[in-house]
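Colleague:
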Amino acid sequence: MPAFITRVRLHNYKSIADCDVQLGELTFVVGPNGSGKSNFLDALRLVADALNAPLDHVLRDRGGINDVPRPSGHPSNFAIRLDFVLPDGLAGHFAFEVSTSNALSAEVTREQCLVGAEPTERYLVKRGVLSECTVASPPAIGGADRLYLVNLSGHPVFRPVFDALSNMGFYNPVPAVIRELRRPEHGTILDRDGHNLASVLGRLEETSPNVKDRVERYLAQVVSGVERIRRSFVLNWETIEFEQRANGEGSQWRFPAYSMSDGTLRALAVLVALFQTRGDGTAPVPLVGIEEPESALHPYATSVVLDALIEASRKTQVIVTSHSPDLLDNKRLHDDQILAVESKGGTTTIGAIAEGAREAIRTQLYTPGELHRLHQLAQDPDVQKAAGRQLDFFE
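Using the numbering used here, you'd call the opening residue of the sequence shown number 952 and step up by one each time.
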């Protein structure tokens, strides 16, 4: 399956001054702690969030409207552009700029979406005014604090764009949250922290039993003896139950989520995030972003997670942040699957790795993990030379 998001451009997003990178089916965003890896994923997550909730609410979840634009130089705006290819092969882009001119509100100063080859279906909004649109009798603009793509989501051309962008999933599972008893939900898609993991497992068992079986097979390699996972109920609450066979014993032991390790719960949530389907089980999540999937795992288990990442990327675009050499310790990884992240003076740059490292990976002289251990998985010097140049967000 070709990549859904093919190119990402960012301006003034948190620690990222400017960013222009290409993405493939599987991308590893690699750098030390605190370098800004999570900010890159969060920019993509903001797009999905802003198509599902009011912009002010989305910004409040990130600390407030004044905490999102990059603080250096005190800018009052940020911009995001995603170039995409839809499942039917139509290409296009979605871009918007947000201004935070005062401490109480934010507004979308420009927003644009193009779909298809010439002549394209398109629209352009400037400060709450629809200045260009190919849709006959377009819906009214709800206000400068909303993305207009939401209003156009009923149009047959723009609906696939809205569906794909709004259903991107981003994950940093929290074991303590997963252990808690929860009220049953529909389980349409796994939530960011994994709190509805039991509900999603229950839905997958009904709509996509083959997916649940794949998750169980991978988890059995991470945790010896695990044979089955399922949603179970305690009165009106739900949790996850693990069936595990002890060495030398024919019977199975059952363990609730609260008795399982952090590594086991994180691994389960990561696997479900990678392989989950939406709704009735007919469509995968178009893009999945995961922060440090190797966290709390033994190095052997990390290699199992890497196998899962590679397999999942055949149907779902996968982006992973990591600082772990163990996760990258595989000669199947390609040099163009890795983006290096560096931070200098609080400013993050993201781009391809240096040519020497690329050549070492291409010739299989070193794995990316080995280069990372040697501190040779460095960023291409041209990335920082290009930082600060004017990026084109709107056409």
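Glycine included, C-beta positions come from ideal geometry on N, C-alpha and C.
Provide the residue(s) that pair with His962 in DSSP beta bridges, ordered along the chain.
Modeller: Stepping through the sequence shown from its first residue, residue 962 is reached at position 11. In DSSP, His962 forms a bridge with Asp969 and Ala1030.
Colleague: Could you tell me the distance, in whole angstroms, from the CA atom of Asp1000 to the CA atom of Glu1048?
Modeller: Numbered from 1 along the sequence shown, position 49 holds the residue referred to as residue 1000. Numbered from 1 along the sequence shown, position 97 holds the residue referred to as residue 1048. Taking the straight line from one Cα to the other gives about 15 angstroms.
Colleague: To which residues of the same chain is Met1211 closer than 7 angstroms at the C-beta, ignoring the five residues directly before and after it?
Modeller: In the sequence shown, counting from the first residue as 1, residue 1211 sits at position 260. Excluding residues within five positions, the ones whose Cβ falls inside 7 angstroms are Phe1193.
Colleague: Under the three-state reduction of DSSP, which class applies to Glu1346: helix, strand or coil?
Modeller: In the sequence shown, residue 1346 corresponds to position 395, counting from 1. Glu1346: coil per DSSP, three-state reduction.
Colleague: Below 7 angstroms CB to CB, which residues in the same chain sit around Gln1203 once its five sequence neighbours on both sides are set aside?
Modeller: On the sequence shown, position 252 is the one that residue 1203 refers to. Excluding sequence neighbours, Gln1203 sits near Glu1178, Glu1194, Gln1195 and Arg1196.
Colleague: Measure from the alpha carbon of Gln973 to the alpha carbon of each residue in Glu1306, Arg960, Val1112 and Gly1297, then state which is nearest.
Modeller: Within the sequence shown, the letter at position 22 stands for residue 973. The shortest Cα separation from Gln973 among Glu1306, Arg960, Val1112 and Gly1297 belongs to Arg960.
Colleague: For Gly1320, which of Gly1302, Asp1331 and Gln1288 has the nearest alpha-carbon?
Modeller: Taking the sequence shown and counting its residues from 1, one reaches residue 1320 at position 369. The shortest Cα separation from Gly1320 among Gly1302, Asp1331 and Gln1288 belongs to Gln1288.
Colleague: Using 8 angstroms as the threshold, is the region 1227 to 1241 in touch with the region 1167 to 1186, meaning 3 or more CB pairs across them?
Modeller: no
Colleague: Curious, which full-length beta strand (DSSP E) runs of at least 3 residues does the region 1157 to 1227 contain?
Modeller: 1177 to 1185, 1188 to 1196 and 1203 to 1207
Colleague: Can you tell me whether Thr1282 is helix, strand or coil according to DSSP?
Modeller: Residue mapping note: residue 1282 aligns to position 331 of the sequence shown, counting from 1. Residue 1282 is actually Lys in this sequence, not Thr. For Lys1282, the three-state secondary structure derived from DSSP is coil.
Colleague: Which runs of the alpha helix (DSSP H) at least 4 residues long sit entirely within the region 1098 to 1142? Give them in chain order.
Modeller: Qualifying alpha helix (DSSP H) stretches, in chain order: 1099 to 1102, 1110 to 1117 and 1126 to 1130.
Colleague: Locate the beta strand (DSSP E) running through Lys1266, then write down its first and last residues.
Modeller: Taking the first residue of the sequence shown as position 1, residue 1266 is located at position 315. That residue, Lys1266, is in no beta strand (DSSP E); it is neither H nor E in DSSP.
Colleague: Quickly, what does DSSP pair Glu1058 with across the bridge? List them, please.
Modeller: Taking the first residue of the sequence shown as position 1, residue 1058 is located at position 107. Ser1050.
Colleague: Whole angstroms are fine: how far does the CA of Asp1331 sit from the CA of Glu1306?
Modeller: The residue given as residue 1306 occupies position 355 in the sequence shown. The residue given as residue 1331 occupies position 380 in the sequence shown. Taking the straight line from one Cα to the other gives about 7 angstroms.
Colleague: Helix, strand or coil: how does DSSP classify His1044 here?
Modeller: Your numbering for residue 1044 matches position 93 in the sequence shown. The answer is strand: DSSP assigns His1044 an E or B state.
Colleague: Of the choices Asp1286, Val1125, Val1236 and Thr1085, whose alpha-carbon is the least far from that of Asp1213?
Modeller: Mapped onto the sequence shown, residue 1213 falls at position 262. Looking at the Cα atoms, Val1125 is the closest of the given residues.
Colleague: Report the partner residues of Thr1298 according to the DSSP bridge assignment.
Modeller: Locating residue 1298 in the sequence shown gives position 347, where the first residue counts as 1. Looking at the DSSP assignment, Thr1298 forms a beta bridge with Lys1295.
Colleague: If you compare alpha carbons, which of Ser1294, Leu1260 and Gln1227 is closest to Asn1118?
Modeller: Locating residue 1118 in the sequence shown gives position 167, where the first residue counts as 1. The candidate whose alpha carbon is nearest that of Asn1118 is Gln1227.
Colleague: Thinking C-beta only, is Val1086 closer than 9 angstroms to Phe1045?
Modeller: One-based indexing of the sequence shown puts residue 1045 at position 94. One-based indexing of the sequence shown puts residue 1086 at position 135. Contact flag unset, no.
Colleague: I'd like the span of the beta strand (DSSP E) that includes Gly1240, first residue to last.
Modeller: Counting from 1 along the sequence shown, the entry for residue 1240 is found at position 289. First-last of the beta strand (DSSP E) with Gly1240: Leu1238 to Glu1242.
Colleague: Quick check on His1249: buried or exposed, where buried means 16 or more other Cβ atoms within 10 Å of its Cβ?
Modeller: By one-based count along the sequence shown, residue 1249 stands at place 298. By the neighbour-count rule (16 or more Cβ atoms within 10 Å), His1249 is not buried but exposed.
Colleague: Contact defined as beta carbons within less than 8 angstroms: I believe Ile1016 pairs with Ala1057. What is the distance between those atoms, to the nearest angstrom?
Modeller: Taking the first residue of the sequence shown as position 1, residue 1016 is located at position 65. Taking the first residue of the sequence shown as position 1, residue 1057 is located at position 106. Indeed, because the Cβ distance is near 5 angstroms, the residues count as touching under 8 angstroms.
Colleague: For Tyr1074, which residues does DSSP report across the bridge?
Modeller: Sequence index remark: in the sequence shown, residue 1074 carries index 123 (1-based). Answer is Cys1064 and Cys1084.
Colleague: Is it the case that the CB of Phe1193 approaches a heavy atom of the ligand MG more closely than 8 angstroms?
Modeller: Ligands displayed in this structure: none; no statement on the ligand MG is therefore possible.
Colleague: Thinking Pro1207 and Thr1233 are a contact (beta carbons under 8 angstroms), I'd like their distance in whole angstroms, please.
Modeller: For the purposes of this step, residue 1207 is taken as residue 256 along the sequence shown, with counting starting at 1. For the purposes of this step, residue 1233 is taken as residue 282 along the sequence shown, with counting starting at 1. 32 angstroms between Cβ atoms; not a contact.
Colleague: Do Leu1098 and Pro1089 have their C-beta atoms within less than 9 angstroms of each other?
Modeller: Locating residue 1098 in the sequence shown gives position 147, where the first residue counts as 1. Locating residue 1089 in the sequence shown gives position 138, where the first residue counts as 1. No, these two residues do not count as a Cβ contact at 9 angstroms.
Colleague: Compare the Cα-Cα distances from Ile956 to each of Arg996, Gly987 and Lys988 and report the closest residue.
Modeller: Within the sequence shown, numbered from 1, the residue matching residue 956 stands at position 5. Per the Cα distances, Arg996.
Colleague: Mind checking Phe950: buried by the 16 CB within 10 Å criterion, or exposed?
Modeller: In this structure the chain extends from 952 to 1346, so residue 950 is not present and cannot be described.
Colleague: What first and last residue would you give for the beta strand (DSSP E) that runs through Phe910?
Modeller: Nothing about residue 910 can be reported from this structure: the residues present for the chain run from 952 to 1346 only.
Colleague: CA-CA distance, Tyr1317 and His1326?
Modeller: In the sequence shown, residue 1317 corresponds to position 366, counting from 1. In the sequence shown, residue 1326 corresponds to position 375, counting from 1. Computed Cα separation, rounded: 12 angstroms.
Colleague: What do you reckon, are the CB atoms on Asp1343 and Gly1302 nearer than 9 angstroms?
Modeller: For this step, residue 1343 is matched to residue 392 along the sequence shown. For this step, residue 1302 is matched to residue 351 along the sequence shown. No, Cβ-Cβ distance for Asp1343 and Gly1302 is not below 9 angstroms.
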